[in-house]
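J.: Mind looking over this structure? Questions follow.
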Amino acid sequence: MNKLSNKLSNESFPKTIDVLNSSPVYDASSKKDKINLIRKLLKEKDAKIIAHYYTHADVQEVAEITGGNVSDSLEMAKFGANQSSKMLIVAGVRFMGETAKILNPEKKILMPTLEAECSLDLNCPAPELLEFSKKYPDRQIVVYANTSAEVKAMADWVVTSSIAVKLIEHLNKKNIKAIWAPDKHLGRYINDKTNADMKLWNASCIVHEEFKASSLMELMKANKDAAVLVHPESPKDVIDLADVVGSTSQLISACKNLPNKKMIVATDNRIFYKMQKAAPDKILIEAPTGGNGATCISCAHCPWMAMNNLDNLIETLVQEKNEIFIEEETRKKAFISTNKMIDFAKTL
Ligand code: SF4
848 MNKLSNKLSN ESFPKTIDVL NSSPVYDASS KKDKINLIRK LLKEKDAKII AHYYTHADVQ
908 EVAEITGGNV SDSLEMAKFG ANQSSKMLIV AGVRFMGETA KILNPEKKIL MPTLEAECSL
968 DLNCPAPELL EFSKKYPDRQ IVVYANTSAE VKAMADWVVT SSIAVKLIEH LNKKNIKAIW
1028 APDKHLGRYI NDKTNADMKL WNASCIVHEE FKASSLMELM KANKDAAVLV HPESPKDVID
1088 LADVVGSTSQ LISACKNLPN KKMIVATDNR IFYKMQKAAP DKILIEAPTG GNGATCISCA
1148 HCPWMAMNNL DNLIETLVQE KNEIFIEEET RKKAFISTNK MIDFAKTL
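Reading the sequence shown from the start, the letters are residues 848 to 1195 in our numbering.
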C-alpha cells in the first residue's frame, strides 16, 4: 500500500456527537410544518430530494414522501440521471452531489451543506493518486464512488460497493490489473474474493473502521440467534465474523430475507430507518464500536451525514444555495468513468 495518503488524521475530522449536539431537534408539530414547507418548495422549484440511507430519519422521510429517493450511492446516481426535474437536492456528502452534477450537467444540483465531506474522499487527493498511478502505468485505475470529481476524471472506472467485486472479477477475466482507491478495507475484501492483482490505496472510512471484532464476538455470544450483517468498508476481522457482507442496499435485503429474527448490523446506524421499514418484525442491534483503541469519532454514525437536517434543506431550497459546480473538462472526463459504472451495473 502507498505511503502518500492518510495525511489527514482522525483529529482533523468532526465528531458525530458534536455535530448532533449542535443540530436542531423538532417536536412533532414543527416537524410537520417543516415537511409541508419542503413539499411546497420542491413543487415551486421543480426539485426532487435524493437522500442517502445514512442521513437522519427525518431527511429520509421527507425525501420518500415527496417523490424523491432514499438509497445507496449507485441508486442515488441512477435516480438522479432518470429525473426530468430541473433541480436535485442531494442530502448526503459532497461526492454524492458531485456525482449528480457529473451525470446531470443541465440540472441545478444543491446540497443542504457543502461541509459534508467523507474521510475516503479527503484522504485521496487527485495529485497524489496521479503520482501513485504513474508507478503502475500498465494498470487501470478503479475508484470507489467516494472520491472527488477530479479523481473520477483520472479513473478508468468508478464503482460502488454493490458492484465492486463484480467489476474486478470482470477485469481479472480480461487480465486487466487494477489500482484500487481509496478504501483499503474494501480493496482487501475484493482482493480476497477475486484473487485479482490489485495495488491498494491506503484510506479508510472513519465510521466502519471503528467496528471492533472482539466486542462483536461478545455481542454474538449474547445473541447466538442473530445474523451478523457487515459493510465491506469494515476491518477484515469484523468482516470475517459476518453472515452477510454487502452494500447498504444488500444489507437491507438480507435483513428482510434472512430467517433470523435478530440482526447485528455493522454499518452507519441511520440505516435502521429503512431496514426497520423493510423488515418491521426484526430486532436490529448495533454492532459495537467500543473496546480498546476506540476513538469513537463516529459511534456508528457518520459526522458528515449527520450535518443534513430539515432546516438546512429548507434554507437550501429557499435561497438556492450550496450549488455544486465542476469545471467542464473535469466533468466530461468524470462522466465517462461514472457512466461506465451505470452501464456495467445494467449488465449484472
Ligand atoms: S460513512 Fe464513511 S464512507 Fe460514508 S460518507 Fe461517512 S466517512 Fe465517507
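Every residue, glycine too, gets a C-beta built ideally from N, C-alpha and C.
Closer than 7 Å: is that where the CB of Val1091 sits relative to any heavy atom of the ligand SF4?
T.: Not one heavy atom of the ligand SF4 is found less than 7 Å from the C-beta of Val1091.
J.: Given that a residue counts as buried once 16 or more other Cβ atoms are within 10 Å of its Cβ, and exposed if not, what is Asp880?
T.: exposed
J.: If you compare alpha carbons, which of Ala1050, Lys1193, Met1188 and Thr1194 is closest to Thr946?
T.: Met1188
J.: Going along the chain, which residues of its own chain have a beta-carbon closer than 7 Å to the beta-carbon of Val866, five neighbours each way excluded?
T.: Pro1150, Ala1153 and Met1154
J.: Are there any heavy atoms of the ligand SF4 lying less than 7 Å away from the beta-carbon of Cys971, as far as the coordinates show?
T.: no
J.: May I have a chain-ordered list of the beta strand (DSSP E) segments no shorter than 3 residues that lie completely inside the stretch 977-1050?
T.: 987-991, 1004-1006, 1025-1028 and 1045-1047
J.: Could you check whether the stretch 1109-1121 touches the stretch 1078-1086, counting it as contact only if at least three pairs of C-beta atoms, one from each stretch, sit closer than 8 Å?
T.: With the cut-off at 8 Å, the stretch 1109-1121 and the stretch 1078-1086 touch.
J.: Check the DSSP bridge columns for Ala898 and list the partner residues they point to.
T.: Val917 and Ala938
J.: Take Phe1182 and list the residues in its own chain whose beta-carbon comes closer than 6 Å to its own, dropping the five residues that flank it on each side.
T.: Ile949
J.: If you run the structure through DSSP and keep just helix, strand and coil, what is Leu1131?
T.: strand
J.: Would you identify the three-state DSSP class for Leu1214, choosing helix, strand or coil?
T.: With the chain running from 848 to 1195 in the structure shown, residue 1214 is simply not present.
J.: I need the boundaries of the alpha helix (DSSP H) containing Ile1086, first residue and last residue.
T.: Lys1083 to Ile1086
J.: Contact check, Asn1042 vs Ile1132 under 8 Å by CB: the rounded distance?
T.: The pair is not a contact, with the Cβ atoms about 33 Å apart (cut-off 8 Å).
J.: Check for me: the beta strand (DSSP E) holding Leu1076 runs from which residue to which?
T.: For Leu1076, the enclosing beta strand (DSSP E) stretches over residues Ala1074 to Val1077.
J.: Counting only the same chain and skipping the five closest in sequence on each side, list residues whose C-beta sits under 6 Å from that of Ala1147.
T.: Asn1116, Glu1133 and Thr1136
J.: Just the Cα atoms here: how many angstroms apart are Val1006 and Ala1101?
T.: 21 Å
J.: Any heavy atom of the ligand SF4 closer than 7 Å to the CB of Asp919?
T.: no
J.: Taking 8 Å as the cut-off, does the stretch 907-923 touch the stretch 1003-1018 (at least 3 CB pairs, one atom from each stretch)?
T.: Contact between the stretch 1003-1018 and the stretch 907-923 is present, because at least three Cβ pairs lie under 8 Å.
J.: Hey, could you find the ends of the beta strand (DSSP E) Lys1059 is sitting in?
T.: No beta strand (DSSP E) contains Lys1059, which DSSP labels as neither H nor E.
J.: With distance defined between alpha-carbon atoms, name the residue in Pro871, Leu957 and Met1110 nearest to Asp1158.
T.: Looking at the Cα atoms, Pro871 is the closest of the given residues.
J.: Leaving out five residues before and five after Thr902 in sequence, what residues of the same chain have Cβ atoms less than 7 Å from its Cβ?
T.: Ala938, Gly939, Arg1117, Met1152 and Asn1155
J.: From what residue to what residue does the alpha helix (DSSP H) around Met1188 run?
T.: Glu1175 to Lys1193
J.: I'd like the list of long-range same chain contacts for Glu962, defined as Cβ closer than 7 Å, with 5 residues on each side in sequence excluded.
T.: Short of 7 Å from the beta carbon of Glu962, and not among the five residues preceding or following it, lie these beta carbons of its own chain, in chain order: Met1154.
J.: If you check the beta carbons only, do Met943 and His899 fall under 8 Å apart?
T.: yes
J.: Should Gln907 go down as buried or exposed, given a rule of 16 or more other Cβ atoms within 10 Å for buried?
T.: buried
J.: Using a Cβ-Cβ cutoff of less than 7 Å, which residues in the same chain neighbour Ser932 once the five nearest sequence positions on both sides are dropped?
T.: Asp893, Ala894 and Lys895
J.: Quick one: give me the first and last residue of the beta strand (DSSP E) that Ala1113 is part of.
T.: Lys1109 to Ala1113
J.: Given this structure, state the Cα-to-Cα distance separating Lys850 from Asn1049, to the nearest angstrom.
T.: Only weak support exists for where Lys850 lies, its pLDDT of 44 falling under 50; the value from the coordinates is given anyway. Taking the straight line joining both Cα atoms gives about 7 Å.
J.: Quick one: is Lys1020 buried, meaning 16 or more other Cβ sit within 10 Å of its Cβ, or exposed?
T.: exposed
J.: Any heavy atom of the ligand SF4 closer than 7 Å to the Cβ of Asp1115?
T.: Asp1115: yes, Cβ under 7 Å from the ligand SF4.
J.: For the ligand SF4, any of its heavy atoms closer than 7 Å to the Cβ of Trp1048?
T.: no
J.: If you measure from the CB of Asn993, is any heavy atom of the ligand SF4 nearer than 7 Å?
T.: Yes, since a heavy atom of the ligand SF4 falls inside the 7 Å radius drawn around the Cβ of Asn993.
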